[in-house]
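Working notes, beginning with the structure itself.
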Amino acid sequence: MKYALLTTLLIGFLFTGCRPSNKVTRMDPSQTTDLSGRWNDTDARLVSEEMIHDALTKPWLNRFNRNHQKPPTVIVGHVRNESMEHIDTEVFTKEMERAFVNSGSVNVVASSEERAQIRQERREQQEYASYETTKAMAKEMGADFMIIGNISSIVDETVDRRTVAVFYTINLELVNVETNQKVWINNKKIKKLIERKNYRG
Amino acid sequence: MAANKYSLTIYRIFFPLALLLLLTGCHSYVLDDAQYDLRNSFAAGNFEKSEHLLNRFEEKNIYRSKDAVLKNLEGGMIHHFAGSYDTSNTYFHSAEQKIDEAYTKSISRGLAALLANDNTLVYDGEPYEDVYLNAFKSLNYVHLHNWEAALVETRRMAYKMEQLDIRIKGIAEAFAKKDTAEAREWKSGEVNLQNSAFSHYLSAILYAKSGHVDDARIEYEKLGTALEEQKRLRRYPVPRHSGLKEILYPNRYNVLLSGFTGQSPVKEQEDIRIWLNGYDGDEDESFYVKFSLPKLTLVETRVQNVRAVINDEKVVPLKLIEEMDVVSAEVYSAKQPIIYTRAMLRATAKATGSHLIANAVRKENKGLGALFDILGIIGQETTEKADLRSWQTLPGQAWMNVVDLPLGTHEIRMEYVAANGDVLYTDIFDVIIAEDIHLELVESIYSY
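As you go down the protein sequences, you meet chains A and B in turn. Quick note on numbering that gives the first Met the number 0: the first sequence kicks off at 0 and runs consecutively. Quick note on numbering that gives the first Met the number 0: the second sequence kicks off at 0 and runs consecutively.
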């Protein structure tokens with residue numbers, strides 16, 4: 000009996016090691032989940048929170064309001080990915096757009112990719128929509144500022160590859176479309192240490 | 000009574016284990032056959048059939064979780080040459096992730112490998128495979144005109160090669176520090192085999208084309224080192240490093256010509272069967288041992304030259320940047336002693352174990368003892384199996400060059416030429432050079 004149990008356990012142990020198992024748990028999106036050490040939703044959230052807070056509290060906004068008596072209009076340009084991972088920068092730029100629009104302090108206009116689609120629609124309206132509902136051409140709101148930036152990363156690991164340190168730096172800048180003047184610059188740094196196990200069961 | 004209990008124990012442990020080991024052995028043969036079919040259809044240039052085969056193998060679960068790296072490498076390469084670049088990237092991305100995950104070794108698999116064979120271990124990819132997959136991913140992104148993503152892959156392969164270099168040199172330096180007697184000179188080995196000339200060449204081009212002048216120069220210098228280091232191994236002459244300098248001047252070219260030839264080396268099983276004789280008094284103590292060792296054979300290509308004929312006028316010869324098959328063979332030869340020692344230890348342990356069990360049973364029942372001897376031989380025959388897993392669809396050689404073409408449409412004919420001057424294979428491309436094109440990629444393959 001003892002040996003039969005031992006054999007069953009041994010076989011069970013061998014199979015357990017081979018078999019992946021799936022378990023799904025729903026969780027709060029704001030909860031931190033660091034699984035692989037790669038760029039993830041938490042990093043994107045940290046970047047957007049920092050950038051939104053900084054952009055909405057720095058003097059450029061009040062200065063523009065004071066000088067022009069209207070909120071500035073911003074367009075999101077290209078955030079270059081110069082890291083070693085495929086990072087979707089839209090995750091945090093969209094968050095910034097949302098925060099700007101909802102704050103009522105900053106107007107946001109469609110990005111160049113989005114514009115192409117809307118312009119196509121407007122062109123088609125000229126031909127196919129009723130006179131009353133057709134939207135006029137050349138009434139787009141011009142942006143005062145463009146957000147541009149980049150993400151870069153430095154990776155360092157031990158010779159045995161057991162410990163990896165990843166350092167991300169995310170730079171965002173707000174550039175005056177007319178004068179090229181940079182009115183706001185911020186950067187967010189994220190550093191992670193990944194320690195890998197040599198063995199598992 | 001005690002003896003009866005002992006033999007009962009043996010049956011209870013022996014039979015389930017034998018059954019498990021037999022099952023483990025069988026699957027590896029199915030995977031070998033699948034890999035063989037995949038290699039043949041890919042080499043014939045029948046990528047549609049290769050795709051179909053891969054899908055069928057996935058459905059039939061021929062690639063188990065331990066073979067996930069292999070499956071994804073094959074999938075990535077098949078879809079790359081089939082022109083499904085997004086799908087190819089998905090496969091390569093998974094392969095890279097699985098290689099990363101395989102860093103943590105499974106103890107249970109290690110135990111299973113001790114009992115059965117190396118096929119139970121997770122295939123974690125060779126370091127050069129980890130670099131080549133990024134090279135092909137970056138080519139995918141160039142095809143998709145996603146320059147930023149191509150550069151991400153370039154950075155990844157540059158980083159991986161740098162880490163490999165540090166690791167190799169780090170080990171040598173550590174030995175040198177320990178060797179206070181200065182008994183010998185500790186060097187990082189005659190050849191840094193993980194230094195891929197093909198990947199450095201590609202990285203230099205992509206960096207140069209994106210305005211990263213310094214990075215391009217560094218990659219170009221490393222290309223020179225890689226060419227020098229691989230000189231000893233190569234069957235064909237190495238292109239002059241200075242002759243490749245044009246890649247540093249991004250305004251002097253807008254088309255990257257690349258031709259892949261040959262196949263990756265074939266791993267074959269070599270079985271050694273011996274009877275070890277011995278006598279214990281009058282008793283015959285002879286027992287049977289079977290070793291299965293993987294043997295690597297290079298697949299010779301018929302191609303001696305690759306050239307691009309542009310608009311039926313200009314002929315641009317491609318330069319043989321890397322013999323990937325030779326690199327993989329050399330890496331394997333470095334690992335061979337470990338693989339062989341492990342196989343021999345395992346086979347001897349299995350043979351001794353089954354012989355001891357048979358002997359114990361024989362004392363109770365002579366006929367049953369003989370049956371256990373036979374079962375032991377069958378067990379060894381079935382479970383001793385060389386690990387023949389390797390990236391089947393990895394091409395053998397990479398030929399490349401750059402050329403500058405004026406705006407407009409051009410016909411580029413890639414010709415694969417034999418030693419006697421016969422054109423073995425031709426691939427024709429219509430290339431459109433537009434104002435905003437960073438780099439147009441012409442890529443073709445002939446696997447014979």
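A virtual CB, placed ideally from N, CA and C, is assigned to each residue, including glycine. Bear in mind the structure is a predicted one, so any value in this text is a computation, not a measurement.
query, result
"Output needed for B:G188: all residues of its chain with C-beta closer than 6 Å, excluding positions within five of it in sequence on either side, in chain order.", "A caution first: B:G188 carries a pLDDT of 47, below 50, which makes its placement in the model unreliable, though a value can still be read off. So the list is empty, once near-sequence residues are dropped."
"Nearest-angstrom Cα distance between B:V29 and B:R388?", "12 Å"
"Is there a C-beta anywhere in chain A that falls below 7 Å from the one on B:V151?", "yes"
"Can you pull the chain B residues whose beta carbon is under 9 Å from the beta carbon of A:K93, in chain order?", "Here the premise fails: no neighbours, minimum Cβ distance about 18 Å."
"If we cut at 7 Å on Cβ distances, does B:K448 have a partner in chain A?", "In the structure as shown, chain B starts at 0 and stops at 447, and residue 448 of chain B therefore has no counterpart that could be examined."
"Leaving out the 5 sequence neighbours to the left and right, which residues in its chain are closer than 6 Å to A:M145 when beta-carbon positions are compared?", "I74, G76, V174, V176"
"Within 10 angstroms of the Cβ of B:V401, are there 16 or more other Cβ atoms? Answer buried if so, exposed if not.", "buried"
"For the structure I just gave you, are there three or more beta carbon pairs, one from the region 39–54 of chain A and one from the region 118–127 of chain A, closer than 8 Å?", "no"
"For B:V190, which residues from the same chain have a beta carbon less than 8 Å from its beta carbon, with the 5 sequence-adjacent residues on both sides left out?", "Residue placement at B:V190 cannot be trusted, given a pLDDT of 46 that sits under 50; the coordinates are not used to answer."
"If you compare alpha carbons, which of B:I436, B:S446, B:M413, B:S64 is closest to B:E100?", "B:S64"
"Going by the DSSP bridge assignment, what does B:I273 pair with across the sheet?", "B:V288"
"Quick one: using the 10 Å Cβ neighbour count with 16 as the cut-off for buried, is A:K190 buried or exposed?", "exposed"
"Note down the Cα distance separating A:I147 from A:L171, rounded to an integer number of angstroms.", "6 Å"
"Using 7 Å as the limit for Cβ to Cβ distance, is A:V163 near chain B?", "no"
"Is B:K208 helix, strand or coil by DSSP?", "helix"
"I want to verify the contact list: residues of chain A whose CB lies under 7 Å from the CB of B:R155, in sequence order.", "M83"
"By the 7 Å beta-carbon criterion, what residues does the region 148–161 of chain A contribute toward chain B?", "V154, E156, V158, R160"
"Identify the contact partners of B:A62 in chain A, using a Cβ-Cβ distance below 8 Å as the criterion.", "Strictly speaking, residue 62 of chain B in this sequence is Tyr, with Ala absent from that position. Neighbours of B:Y62 on chain A: none; closest Cβ ~13 Å, over 8 Å."
"To which residues does DSSP link A:N175 through a beta bridge?", "A:F144"
"Would you give the residue range spanned by the alpha helix (DSSP H) that A:Q68 belongs to?", "No alpha helix (DSSP H) contains A:Q68, which DSSP labels as neither H nor E."
"Does the ligand GTP have a heavy atom nearer than 6 Å to the CB of B:I356?", "The ligand content of the structure shown is nil, which means the ligand GTP is not present either."
"Less than 6 Å between C-beta atoms, sequence neighbours within five positions excluded: which residues of the same chain meet that for B:Q34?", "Q391"
"In terms of alpha-carbon separation, which member of B:N364, B:Q262, B:P405 lies closest to B:E434?", "B:P405"
"Drop a sphere of 10 angstroms on the beta-carbon of B:Y219, count the other beta-carbons inside from all chains shown, and report buried for 16 or more, exposed for fewer.", "buried"
"Less than 7 Å separating the beta-carbons of B:S443 and B:D429?", "no"
"List the endpoints of the continuous alpha helix (DSSP H) containing A:T92.", "89–102"
"Does chain B have any CB closer than 7 Å to the CB of A:G76?", "no"
"Quick check on B:S93: does DSSP put it in helix, strand or coil?", "helix"
"Taking the beta strand (DSSP E) that A:Y130 belongs to, which residues open and close that run?", "Where A:Y130 is concerned, there is no enclosing beta strand (DSSP E), given that its DSSP letter is neither H nor E."
"Which partner residues does B:S257 have in the DSSP bridge list?", "B:M399, B:E442"
"Look at the alpha carbon of B:Y140 and the alpha carbon of B:A149, and state the distance between them as a whole number of angstroms.", "5 Å"
"Is the separation between the beta-carbon of A:T24 and that of A:T31 shorter than 7 Å?", "no"
"Would you verify that the beta carbon of B:R216 is, or is not, closer than 7 Å to some beta carbon of chain A?", "no"
"Is any beta-carbon of chain B found at less than 7 Å from that of A:R44?", "no"
"What residue range is occupied by the uninterrupted beta strand (DSSP E) comprising B:Y415?", "407–417"
"Between the C-alpha atoms of B:G352 and B:I376, what's the straight-line distance to the nearest angstrom?", "11 Å"
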